[in-house]
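J.: Could you have a look at this structure, given as structure tokens, before my questions?
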Amino acid sequence: MPMSAADEVDLSEDERAALELILETRGIHQSELWKELDVSSRKGSRLAESLVEKDLIQREETVYEGHNTYFLMPTARDLDFSLLMAGDMLSPFIGEEEVDPRSDAFSQWLMNLAYEEY
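373 is the number of the first residue of the sequence shown in the numbering used here; add one for each residue after it.
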């Protein structure tokens, strides 16, 4: 997973591991983060706060398994929007319109996607 935003900021080894996990999962509950990293809940909280302060992740209050916690997610700049592209065409599934799988727009997008592989 690209770490472009993280490369611009000086991160400790623990912060980098936390950020990589958040990027790989595309979002994780803070209570799961510290368990996955095998650190204390206090350290997990400090890691999350540090990454929020460095504007590398977003943190939203939530309830998970009956407990108050936070959901940690990558900032938008860390998401890979290229997965929505086929050549220079944006996926026809983006937007509010219903996509007809037999439409020309969908067919063209699929053809671009297929030719990208070769």
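Note that CB positions come from ideal geometry on N, CA and C, so glycine has one too.
Return the first residue and the last residue of the alpha helix (DSSP H) that Arg418 is part of.
T.: Run containing Arg418: Ser413 to Glu425, per the alpha helix (DSSP H) assignment.
J.: Please classify Ala420 as buried or exposed, where buried requires at least 16 other C-beta atoms within 10 Å of its C-beta.
T.: Flag for Ala420 reads buried.
J.: For Thr397, which residues from the same chain have a beta carbon less than 8 Å from its beta carbon, with the 5 sequence-adjacent residues on both sides left out?
T.: Answer for Thr397: no residue qualifies.
J.: So, with DSSP's three-state summary, where would you put Arg431?
T.: Three-state result, Arg431: strand.
J.: Evaluate Ala477 with the Cβ neighbour count: other Cβ atoms within 10 Å of its Cβ, from every protein chain shown; 16 or more gives buried, anything less gives exposed.
T.: Ala477 comes out exposed.
J.: Going by C-alpha distance, which of Gly459, Ser475, Lys407 and Trp481 is nearest Glu488?
T.: Out of Gly459, Ser475, Lys407 and Trp481, Gly459 has the C-alpha closest to the C-alpha of Glu488.
J.: Do you know offhand how far His401's Cα is from Asn484's?
T.: The alpha-carbon atoms of His401 and Asn484 are separated by roughly 37 Å.
J.: As a quick exercise: from Trp481, Glu470, Val471 and Leu444, pick the residue whose alpha carbon is nearest that of Leu395.
T.: Closest by alpha carbon: Leu444.
J.: Could you compute how far the alpha carbon of Trp406 sits from the alpha carbon of Arg474?
T.: Taking the straight line joining both Cα atoms gives about 46 Å.
J.: Apart from the five residues just before and just after His439, which ones in its own chain have a Cβ nearer than 7 Å to its Cβ?
T.: So the qualifying residues of the chain are Ser403.
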